[in-house]
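**Student:** This structure is in structure tokens; I'll ask about it shortly.
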Amino acid sequence: MAIDGLKSHLELLPTEIIRDIVDSLSFWDITELSYVSKRLRKVCLPSIFRRVKFEFSQSGLDKLQSLLESDARHHVVFFTYEAPELLKTGILDFYHFKSEILTPDSYVEEAKDLRDEGFGYDAPPYIDIYDSLHSMCEEQRGIIDGGIDLKVLSSTFRALPKLTDVNLSFRKMITEEDWLYSYFLGWDLTMVEKSYEHHIRVVSKAIRNTSDMGISIHTISLSGVQLSYYHPWQVFDWGSLSEILAELLQSIRVLRLSKSGSPLKLLSHRAIKLRELDMCCLVAGYTSLREFLNTNKKSIQSIGFHDVNVKKDFEVGLLGLTPDVLYSMLDAPPPIQCRDSECRCLPFWKKASRLLLNDGCSEHSRSSAKTKFDEV
Numbered sequence: 001m002a003i004d005g006l007k008s009h010l011e012l013l014p015t016e017i018i019r020d021i022v023d024s025l026s027f028w029d030i031t032e033l034s035y036v037s038k039r040l041r042k043v044c045l046p047s048i049f050r051r052v053k054f055e056f057s058q059s060g061l062d063k064l065q066s067l068l069e070s071d072a073r074h075h076v077v078f079f080t081y082e083a084p085e086l087l088k089t090g091i092l093d094f095y096h097f098k099s100e101i102l103t104p105d106s107y108v109e110e111a112k113d114l115r116d117e118g119f120g121y122d123a124p125p126y127i128d129i130y131d132s133l134h135s136m137c138e139e140q141r142g143i144i145d146g147g148i149d150l151k152v153l154s155s156t157f158r159a160l161p162k163l164t165d166v167n168l169s170f171r172k173m174i175t176e177e178d179w180l181y182s183y184f185l186g187w188d189l190t191m192v193e194k195s196y197e198h199h200i201r202v203v204s205k206a207i208r209n210t211s212d213m214g215i216s217i218h219t220i221s222l223s224g225v226q227l228s229y230y231h232p233w234q235v236f237d238w239g240s241l242s243e244i245l246a247e248l249l250q251s252i253r254v255l256r257l258s259k260s261g262s263p264l265k266l267l268s269h270r271a272i273k274l275r276e277l278d279m280c281c282l283v284a285g286y287t288s289l290r291e292f293l294n295t296n297k298k299s300i301q302s303i304g305f306h307d308v309n310v311k312k313d314f315e316v317g318l319l320g321l322t323p324d325v326l327y328s329m330l331d332a333p334p335p336i337q338c339r340d341s342e343c344r345c346l347p348f349w350k351k352a353s354r355l356l357l358n359d360g361c362s363e364h365s366r367s368s369a370k371t372k373f374d375e376v
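Written out as structure tokens, the structure is:
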């Protein structure tokens, strides 16, 4: 039977059956199906707009404002906010830029390296690099100084009645000019810790601004929070960032971490009353994870993990995280249950692991929904 024939036959099915079919399709298949007819589009819309993603930029915030003006906002459950590192404000001053950030001599060395290593292209003109960075920095400062990101996110969260999960995903940069990326990696252009502080503080305030709306945001996902490299014997003052992060998680029940275990170090001595911790595709400090779990073991009911390694201080190599390693960290006997759990980065035939602790067994048995790492 032709594809068009199959699509037309869907029109004859009861709505509940169509919903079951839609639930089994990929996002792109659902999107294509939504073009067939008004009836199928109405059934597909909740799945299409269940997850949305916007970025910290003027165009991203403008698109987010457009969402608030559409009926699609009623279907949003998972919200991802992509946050770039903030550029140093000194970039706005050309003389400071060329003397302290990217000197002409450094630019010449970079251009020579590109040519010698056979990349197949020449370095862009120095002034083009500056103009691009200046434009990006000016846009970022306009958003921050005007409080635009806080205003738009606060309005957004208040306008999404089904919102439960917020994913804060940190990136090195957000730009359509890919050639700039090597300069972000090679030169000290951004304020990493201040970037984390600003974006986390804004999201935290925006969530608190929903308290009178009956909106229950119970899950926070953090991706890519990577602190500067440090040695075990080095001491840094992360107090401000730790406090801001703890405020974000004040009324959160589920914390999901991916790509970096740094938040565990920041929160290692803070009791934040979590019920669930999920970790995926990251390396965590052994001591940081152990201290975090023991600080919060009275409240944590389950720990989910997949592709997680831990690193012990002063030791070379990584240790794969297993249930036995977690038992030793908690200095506790094995829990009643260790279950398989689903993770979106895995194919359906592979599973992650989930330990049920404290009252977690009874809590999970009362719930018919499967636990997933939805935002990884």
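Sequential numbering of the sequence shown, starting at 1, is according to full-length UniProt numbering.
In this text, a Cβ means the ideal position worked out from N, Cα and C, and glycines have one as well.
Is it buried or exposed for residue 250, if we count other Cβ within 10 angstroms and need 16 for buried?
**Tutor:** exposed
**Student:** Return the bridge partner residues of residue 434 from the DSSP annotation.
**Tutor:** Residue 434 cannot be examined here, being either before or after the span of the chain that is shown, 1 to 376.
**Student:** Indicate whether the contact test is met: 3 or more Cβ pairs, each with one atom in the segment 79-90 and one in the segment 132-141, closer than 8 angstroms.
**Tutor:** When Cβ pairs closer than 8 angstroms are counted between the two stretches, the segment 79-90 is seen to touch the segment 132-141, the count reaching three or more.
**Student:** Which residue comes first and which comes last in the beta strand (DSSP E) that contains residue 170?
**Tutor:** 165-171
**Student:** Where does residue 257 fall in DSSP's three states?
**Tutor:** Under the three-state reduction of DSSP, residue 257 is assigned to strand.
**Student:** If we count the other Cβ atoms within 10 Å of its Cβ and call it buried at 16 or more, is residue 35 buried or exposed?
**Tutor:** Counting of Cβ neighbours within 10 angstroms places residue 35 among the exposed residues, the total staying below 16.
**Student:** For residue 137, which beta-bridge partners are listed by DSSP?
**Tutor:** Answer by DSSP bridge pairing: none, since residue 137 is not bridged.
**Student:** Are there three or more Cβ pairs, one per stretch, closer than 8 angstroms when the segment 192-211 is compared with the segment 242-256?
**Tutor:** With a cut-off of 8 angstroms, the segment 242-256 and the segment 192-211 count as touching, because enough Cβ pairs lie within range.
**Student:** With contact counted as at least three CB pairs below 8 angstroms, one residue from each stretch, are the segment 153-160 and the segment 63-72 in contact?
**Tutor:** yes
**Student:** For the beta strand (DSSP E) that contains residue 306, what are its first and last residues?
**Tutor:** For residue 306, the uninterrupted beta strand (DSSP E) run begins and ends at 302-311, by DSSP.
**Student:** Apart from the five residues just before and just after residue 288, which ones in its own chain have a Cβ nearer than 6 angstroms to its Cβ?
**Tutor:** Here the set comprises 264, 265 and 268.
**Student:** For residue 241 and residue 125, I'd like the C-alpha separation in whole angstroms.
**Tutor:** Looking at the two C-alpha atoms, the distance is approximately 37 angstroms.
**Student:** Measure the alpha-carbon distance for residue 166 versus residue 112 and round it to whole angstroms.
**Tutor:** 44 angstroms
**Student:** With a CB to CB cut of under 8 angstroms and the five nearest residues on each side skipped, what residues in its chain are close to residue 101?
**Tutor:** 88, 90, 91, 187, 188 and 189
**Student:** Classify residue 231 as helix, strand or coil using the three-state DSSP reduction.
**Tutor:** Unreliable positioning characterises residue 231 in this predicted model, as indicated by a pLDDT of 48, which lies under 50. A coordinate reading is not provided.
**Student:** Between residue 260 and residue 225, is the Cβ-Cβ spacing less than 8 angstroms?
**Tutor:** yes
**Student:** Could you name the residues of the same chain whose beta carbon sits closer than 7 angstroms to that of residue 326, not counting the 5 residues immediately before and after it, in chain order?
**Tutor:** 303 and 355
**Student:** Taking the straight line between their C-alpha atoms, what separation do you get for residue 11 and residue 46?
**Tutor:** 18 angstroms
**Student:** Out of 159, 258, 350 and 238, state which residue places its alpha-carbon closest to the alpha-carbon of residue 212.
**Tutor:** 159
**Student:** Would residue 199 pass as a contact of residue 56 if the rule is Cβ separation under 8 angstroms?
**Tutor:** Their beta carbons are under 8 angstroms apart, which means residue 199 touches residue 56 by this criterion.
**Student:** Is the separation between the beta-carbon of residue 282 and that of residue 257 shorter than 8 angstroms?
**Tutor:** Taking 8 angstroms as the Cβ cut-off, residue 282 and residue 257 qualify as a contacting pair.
**Student:** For residue 17 and residue 168, I'd like the C-alpha separation in whole angstroms.
**Tutor:** When rounded, the separation of the alpha-carbon atoms in residue 17 and residue 168 is 35 angstroms.
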